[in-house]
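Numbering (this note's numbering), first residue to last: 26 to 105.
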Amino acid sequence: MINDHEHDDAPAVPFGAWLLTQRDAGGFVGQLANAAAIDRAFSRSSDVDAARKWLQANRASGDDWEALEDAETKWMAAAG
Numbered sequence: 026m027i028n029d030h031e032h033d034d035a036p037a038v039p040f041g042a043w044l045l046t047q048r049d050a051g052g053f054v055g056q057l058a059n060a061a062a063i064d065r066a067f068s069r070s071s072d073v074d075a076a077r078k079w080l081q082a083n084r085a086s087g088d089d090w091e092a093l094e095d096a097e098t099k100w101m102a103a104a105g
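Next comes the structure, spelled out in structure tokens:
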């Protein structure tokens, strides 16, 4: 049987919701989480692609992009 679902291996918790739980994480991931928490344009239900678009719209720095990569890795690892 062919599986048409592109993100079946993605964690059950949306990336946006998970990121907002990382506000006390410290480092760049914590800073990214804090920025997302205060921006009404950031959605708790966003996936990583939506978070990338959010960063792009906010003209993010290199550190922000690195933080997003780190956050994505941690989010996937948390799903086990």
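The beta-carbon is built from N, C-alpha and C at its ideal position, and this holds for glycine as well.
Where the alpha helix (DSSP H) containing residue i begins and where it ends
{"i": "D89", "result": "G87 to A103"}
{"i": "N83", "result": "Premise fails: N83 is in no alpha helix (DSSP H) and is neither H nor E."}
{"i": "V54", "result": "G52 to I63"}
{"i": "A42", "result": "F40 to L45"}
Alpha carbon of residue i to alpha carbon of residue j, nearest angstrom
{"i": "D88", "j": "W100", "result": "18 Å"}
{"i": "S68", "j": "A76", "result": "8 Å"}
{"i": "S70", "j": "P36", "result": "12 Å"}
{"i": "I63", "j": "A102", "result": "25 Å"}
{"i": "L44", "j": "A61", "result": "8 Å"}
{"i": "K78", "j": "G41", "result": "12 Å"}
{"i": "A96", "j": "A82", "result": "19 Å"}
{"i": "Q56", "j": "V38", "result": "20 Å"}
{"i": "S86", "j": "G105", "result": "30 Å"}
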